[in-house]
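Working notes, beginning with the structure itself.
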Amino acid sequence: MQDREQLERLLTVGYPCLSICTLEEDYALALVRETAVLLNRRLWLWTATHGLHDGLIRGGRVIGGTDSPGAALAHLAELRDGSITAFLDLAPHLSDARTLRSLRSLVAQLTEADRQLVLIDYASELPPVLAAVATPVELHPPRDAEIESLIRDTLRRAHRESPIEIDIRRGTLDLITRNLQGLTRRQIELVIRDVVVSDRRFDDADLNHVLAQKRRLLNRGGLLEHVETPVSLDAIGGLRRLKAWLRERDGALGEAGRAFGLPTPRGVLLLGVQGAGKSLSAKAIATAWNRPLLRLDAGVLYDRYVGESERRLREALRQAEAMSPAVLWIDEIEKAFASAAVRSADGGLSQRMFATLLTWMQERDAPVFLVATANDIDALPPELLRKGRFDEIFFVDLPARDVRREILCSHLRNRQRDPQAFDLDRLATTSEGCSGAEIEQAVLTGLHAAFAAKRELSTEDLVAALSASPPLSVVMAERIAALRAWAATRCRPAD
1018 MQDREQLERL
1028 LTVGYPCLSI
1038 CTLEEDYALA
1048 LVRETAVLLN
1058 RRLWLWTATH
1068 GLHDGLIRGG
1078 RVIGGTDSPG
1088 AALAHLAELR
1098 DGSITAFLDL
1108 APHLSDARTL
1118 RSLRSLVAQL
1128 TEADRQLVLI
1138 DYASELPPVL
1148 AAVATPVELH
1158 PPRDAEIESL
1168 IRDTLRRAHR
1178 ESPIEIDIRR
1188 GTLDLITRNL
1198 QGLTRRQIEL
1208 VIRDVVVSDR
1218 RFDDADLNHV
1228 LAQKRRLLNR
1238 GGLLEHVETP
1248 VSLDAIGGLR
1258 RLKAWLRERD
1268 GALGEAGRAF
1278 GLPTPRGVLL
1288 LGVQGAGKSL
1298 SAKAIATAWN
1308 RPLLRLDAGV
1318 LYDRYVGESE
1328 RRLREALRQA
1338 EAMSPAVLWI
1348 DEIEKAFASA
1358 AVRSADGGLS
1368 QRMFATLLTW
1378 MQERDAPVFL
1388 VATANDIDAL
1398 PPELLRKGRF
1408 DEIFFVDLPA
1418 RDVRREILCS
1428 HLRNRQRDPQ
1438 AFDLDRLATT
1448 SEGCSGAEIE
1458 QAVLTGLHAA
1468 FAAKRELSTE
1478 DLVAALSASP
1488 PLSVVMAERI
1498 AALRAWAATR
1508 CRPAD
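Just so we're on the same page, the numbering used here is the position in the sequence shown counted from 1, plus 1017.
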């Protein structure tokens, strides 16, 4: 309704040329048709395959010889019928100078006539001279109420084809609805059809299927990766202060928090020692708030063509907003924008990309919680550290003795071993100075040694693995000491 009302208002006011850039062509065209009927206006539709034809009646009038855009535009210049004309995929044809000239002349003519154009394209490729006069129409992604309606309509159609048994709790339906955010309307229909096609059932067990299908669709785009998170915070050792901070803000995520005057939490910056658990902290946040975790790989953003890298970043951020509420994770942000703080040979690309990110961080309204991780504080541009960019800056240090014990228990359980069968106190002492990643690797090394010797894993195997090589905290002692000293007065400890 919001999109239809917006389109109706623009057409009623009399804007001569509207531009809709969307991957949901069917939805956009349906909006144009519905609006034309409401306004009692005739609708012409142009495609490269059929030329100009009646846009409201299937099998209606077709105007011969108008399959080329130039011929169609010439014919429209002669019309005086108060109609709306929708062009599908016209933008690629505007590289031809004659076609562009014909369209510009027609738009100028329409300004004084009761006729209008709606350009529906899959990419924003309008020449600047036309973009200056074409009014953009931003279509909104489907939200909860519309998504639930799409689910019900899809199930009804599938049930008419072959009976479907529906046995799902209201809470599970709400979770499925929330997790389908960020997909197009057509993708939502396909996901729901996919989950019921084999067993002809729609029940609580289908939640995991929906999540798997969404991950598959999202990862195909390449800009954002859907990351699986632990099912419980109990699976994550340590991080006690971070967990308490998350619990304190959990209730502020919804309407109750906004009604109380609280803003939606915006994000955290996680600094720390390599392997100490910054990535796990990002997963902890998504787990605590029951939100999807989206990872932005900055490496896929950079492109050799001018302007393409910035467009990809804007598209990735737009996708994250469409999937909100969500947690957006940018790993090693200092490497992603390494040249933003200094003069570089990239023509200012890193600085422009960084400026785009900062503007989004400051201005966004969508409930996207940003988690940025970093290892090297010296490479961070100072603009990123100022108040207002993040809610909090946490320092993820090497795990203390009791946390190392928790981490050992967790990794042993994950590999079907009983932690009580090992001397955990001895192992916690031996692992002094080790990061969580190094402890995990020691468990794997011990398992390899035991498997090769054809015996069960023992405490001695783990002690040998932990003692085999010095941890990073010893190899890079000076650098890590400097990082800890810097964080002591500038960051909040995560544990």
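For glycine and all other residues, C-beta sits at the position ideal for the given N, C-alpha and C. Here the structure is a predicted model, which means the values were calculated and not measured.
Apart from sequence neighbours up to five positions away, the residues of its chain that approach residue 1387 with a beta-carbon distance below 6 Å are 1284 and 1345, ordered along the chain. Excluding five sequence positions before and after residue 1308, the CB atoms of its chain that fall closer than 6 Å to its own CB belong to 1342, 1343 and 1344, given in chain order. Between residue 1117 and residue 1144, the C-beta spacing is below 8 Å.
Here residue 1351 is actually not in contact with residue 1375; their C-beta atoms are around 14 Å apart, not less than 8 Å.
Boundaries of the alpha helix (DSSP H) harbouring residue 1426: 1418–1431, taken from the DSSP string.
Annotation for residue 1025: 1052 place their beta carbon closer than 6 Å to its own, counting only its chain and skipping 5 residues before and after. Taken in chain order, the whole beta strand (DSSP E) runs of length 3 or more contained in the stretch 1207–1295 are 1218–1220, 1241–1244 and 1284–1289. Rounded to whole angstroms, the separation of the alpha carbons of residue 1048 and residue 1055 is 11 Å. Annotation: residue 1278 to residue 1509 spans about 25 Å, alpha carbon to alpha carbon. Secondary structure of residue 1138 (DSSP, three-state): strand. Per DSSP, the continuous beta strand (DSSP E) segment holding residue 1070 begins and ends at 1068–1071. Assignment of residue 1439 by DSSP, reduced to helix, strand and coil, places it in the coil class. Listed in chain order, the non-local C-beta contacts of residue 1147 below 6 Å within the same chain number zero, local neighbours out to five positions each way being set aside.
When rounded, the separation of the alpha-carbon atoms in residue 1150 and residue 1210 is 42 Å. Residue 1242 has its alpha-carbon roughly 32 Å from the corresponding atom of residue 1463.
In this structure residue 1369 touches residue 1327 by the C-beta definition: roughly 6 Å separates them, less than 8 Å. Going by beta carbons, residue 1135 and residue 1074 fall outside the 8 Å limit. Residue burial is scored here from C-beta neighbours: residue 1484 has fewer than 16 other C-beta atoms within 10 angstroms and is therefore classed as exposed.
Residue 1256 holds the alpha-carbon nearest to the alpha-carbon of residue 1293 among 1256, 1158 and 1065.
Below 8 Å, enough C-beta pairs join the stretch 1411–1423 and the stretch 1451–1458 to call them touching: three or more. Here residue 1439 is buried: its Cβ has 16 or more other Cβ atoms, across all protein chains shown, within 10 Å. Contact check for residue 1403 and residue 1378: beta-carbon distance about 11 Å, past the 8 Å limit, so the pair fails to qualify.
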